[in-house]
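Residue numbers (the numbering used here), protein chains in the order written: chain A, 1 to 482; chain B, 1001 to 1252. Remarks on the structure that follows.
Shown next, in the form of structure tokens:
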């Protein structure tokens, strides 16, 4: 058995394939956080008064808050005064009229990641708003989307050009007082994406953003706001990779989704940030608050996530089901290898009548990885006929990893039906041998078994993303089984 | 095709096989019979390369190659097929996808083009009919929720699609009803050819009513204690394994 584990270990070990650093002169503020820094950030971004007021309100509240300790992840305390809260590529200062003006080094970085921006416009159906460090570098497809009245731009741009929408919706799902990291984000966020889909419009393409953390010791605080007006539909893809670093990097993003009556938002994430090395050194701390609100009847919000990166993942994409008959879905694959820790899950808050939610969570832990599902299903008194189905499956590889499940269920209405199923399994020597006896290499066998395990979730991803995610699962586990 | 000399093997440091010699030529069908615990399954798994089974002595040559030096997948790609006594479930992986991945891995090893989807599907459908399997099963997850009989038919389906040079059936007949047993036998009989060999590991004689072996070997306490023609199987059926104890005792 020891030999088998060792074999699995070698399978799991592999170099992080997106680990390189782009040498770009950055326009940064000094490390540390106080009201002056926030004013500086807001000033650099030439924000309207309401934004600065909101940031300061959030900051003052944040000062009164404690770091949450209820989750199962462990890490040394973060020194928030050593973080640089704003960093923009210098060339931004000169203003960018077109892709041709983008720093060639940045474009080179994206090429290494397989996102050639010049080719984006030719690629079928994917518009990319690339965020490099904190500032959007380039936005494509904007014109085409504008024909449908769809707004897809950087958050900074939305603050300038659509401040009424921003003012109306910002913080309406994740308030500035929500939690420690969300409040920090509200105070210092520098950019992100903004989407507005007008009434009755079906967004004709998948909207996509790639985030990349580059400058050393730069916390990245993006904020994404997506509004689907009545009867509209939008599918949004978020993909992330980061270069190799020895020092842990904090990432505290906030995503707010608002689906009005009969609207649908599908939000998909493939997260491949630097997970740290095989001794547990380095890697991203990914402390993210993602929440959607189904404001009107028959609204629908689906979160799909494939999380293979980050040293620590702490996120609970949630849905508040206010409208009658509204639907919330959460499909998740979380993989932890080496010394990665994940504490992830969802909250489904049933308020409206006949609201329905589905939770499918697949946790994979290999080597020393620790994987926790933490979820809350809350049915309020008003939620007549609410239904929830939850399925949590864990797959273990080797004998030093761990899987944990923390389901919380609170039901205040006795017409509700809540189901919970959970399984834990191990990639068996039997399964591996069976595959190999049929001619598959051990790596192909692991990929096959893991992809089979994750199938229900991968099926929810848009096609091209699903292919990428399948490859990522395979690559992330090279060398991992027993 | 297969030449086994003085094969010793252990599981968890417990010696199970104590020096097996066997020659299998292309075109032959060998039955390995024996009581429970005699080492039959160990023998089958050692040939397929299962890692928990450690070969401590002896050598095995397959088509001129040192079989024991090959990885399990290379053995499979070189044409060694094991029909499992307990076929394994792989949730979320469709049977047909698994079969295609296996066939293409084997074809690639042999320098052949991957089969295109249309050719593959018609090949599989033809074989599914031959093993009298419900076609719906090829779209379900590998062996998941299959009955015992369906799992065994699935093993035979895989064998027929992969067309191995050496097929080892590890108690494929155990727990089968008579119809399924006949299907397994039909599968083997259809594949029988001058270029292919079979090793059929079984506890009971009944499968050999439908598959006529060329040789029958009796395995007891990790050694082949008696070899003969098909008539030996009948003798075992009539007399059981008890009378062999005398032979083993005498040998020891």
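From the three backbone atoms N, C-alpha and C, an ideal C-beta is built for every residue, glycine too. Here the structure is a predicted model, which is why all the values come from computation and not from measurement.
What does residue 1066 of chain B pair with, by DSSP beta-bridge criteria? Looking at the DSSP assignment, residue 1066 of chain B forms a beta bridge with B:1061.
Length of the line joining the Cα atoms of residue 1219 of chain B and residue 369 of chain A: Looking at the two C-alpha atoms, the distance is approximately 46 angstroms.
Could you tell me whether the Cβ of residue 1098 of chain B comes closer than 9 angstroms to any Cβ of chain A? yes
So, residue 283 of chain A versus residue 312 of chain A, is the Cβ gap smaller than 9 angstroms? A Cβ-Cβ contact shorter than 9 angstroms links residue 283 of chain A with residue 312 of chain A.
By a C-beta neighbour count over all protein chains shown, 10 Å radius and 16 as the cutoff for buried, is residue 1205 of chain B buried or exposed? buried
Using a cut-off of 9 angstroms between C-beta atoms, extract the partners of residue 1261 of chain B located in chain A. No statement about residue 1261 of chain B is possible, as the shown extent of chain B runs from 1001 to 1252 and does not include it.
Rounded to whole angstroms, what's the CA-CA distance from residue 521 of chain A to residue 234 of chain A? Just pull it up for me. As displayed, chain A neither begins before 1 nor continues past 482, which places residue 521 of chain A out of reach and without an answer.
With DSSP run on the structure shown, which of helix, strand or coil describes residue 358 of chain A? strand
Euclidean distance between Cα positions of residue 1027 of chain B and residue 1075 of chain B: 19 angstroms
In the DSSP assignment, what are the bridge partners of residue 392 of chain A? A:361 and A:422
Just curious, the beta strand (DSSP E) that residue 306 of chain A is in, first and last residue? 300-307
Taking 8 angstroms as the threshold, find out whether the stretch 219-227 of chain A comes into contact with the stretch 152-169 of chain A through three or more Cβ pairs. yes
With residue 294 of chain A as the anchor, note down where its beta strand (DSSP E) starts and where it stops. 284-294
Coarse secondary structure for residue 1029 of chain B, derived from DSSP in three states: strand
Candidates A:62, A:81 and A:269: closest to residue 333 of chain A by CA position: Considering only alpha carbons, the answer is A:269.
Write down the C-beta distance between residue 44 of chain A and residue 186 of chain A rounded to the nearest angstrom, noting that I regard them as a contact closer than 8 angstroms. Taking the Cβ atoms as the reference, residue 44 of chain A lies roughly 17 angstroms from residue 186 of chain A, outside the contact range of under 8 angstroms.
Any beta strand (DSSP E) of 3 or more consecutive residues that is wholly inside the stretch 1157-1200 of chain B: Listed in chain order, they are 1166-1170.
Give me, in chain order, the residues of the same chain whose beta-carbon lies closer than 7 angstroms to that of residue 411 of chain A; leave out the 5 immediate sequence neighbours on both sides. Exclusion of the five residues before and after residue 411 of chain A leaves 379 and 418 as the residues of its chain whose Cβ lies within less than 7 angstroms of its Cβ.
Where does residue 1209 of chain B fall in DSSP's three states? helix
Which of the three DSSP states, helix, strand or coil, is assigned to residue 1006 of chain B? DSSP places residue 1006 of chain B in strand when its eight states are reduced to three.
Of all the beta strand (DSSP E) runs that stay within the bounds of the stretch 169-227 of chain A, which reach a length of 3 or more residues? Residue ranges of uninterrupted beta strand (DSSP E) with 3 or more members, entirely inside the stretch 169-227 of chain A and ordered along the chain, are 193-197 and 206-212.
For the candidate residues A:75, A:317 and A:447, whose alpha-carbon lies nearest to that of residue 285 of chain A? Answer by Cα proximity: A:75.
Can at least three beta-carbon pairs, one atom from the stretch 316-331 of chain A and one from the stretch 345-357 of chain A, be found at a separation below 8 angstroms? yes
Short Cβ contact (9 angstroms threshold) for residue 474 of chain A with residue 447 of chain A: yes
Is the Cβ of residue 439 of chain A closer than 9 angstroms to any Cβ of chain B? yes
On a CA-only basis, which of A:456, A:444, A:382 and A:451 is nearest residue 392 of chain A? Give me that one, please. A:456
The stretch 350-364 of chain A: positions lying closer than 7 angstroms to chain B by Cβ: none
Report the residue from A:382, A:151, A:271 and A:323 whose alpha carbon sits nearest the alpha carbon of residue 466 of chain A. A:271
Would the stretch 1124-1142 of chain B and the stretch 1007-1018 of chain B be scored as touching if the rule is three or more Cβ pairs under 8 angstroms? no
Would a check of beta-carbon distances place residue 243 of chain A closer than 9 angstroms to chain B? In this prediction, residue 243 of chain A has a pLDDT of 45, which is less than 50 and means its spatial position is unreliable; nothing more can be read from the coordinates.
Own chain residues within Cβ distance below 8 angstroms of residue 122 of chain A, not counting five before or after: Any reading at residue 122 of chain A needs caution, since the residue's pLDDT is 31, under 50, leaving its predicted position unreliable; the model's value is listed next. Hits under 8 angstroms: none found.
Name the chain B residues that come within less than 8 angstroms of residue 38 of chain A, Cβ to Cβ? Per Cβ cutoff of 8 angstroms: no residues; residue 38 of chain A is ~48 angstroms from chain B at best.
If you draw a straight line from the C-alpha of residue 1173 of chain B to the C-alpha of residue 1036 of chain B, how long is it? When rounded, the distance between both Cα atoms is 14 angstroms.
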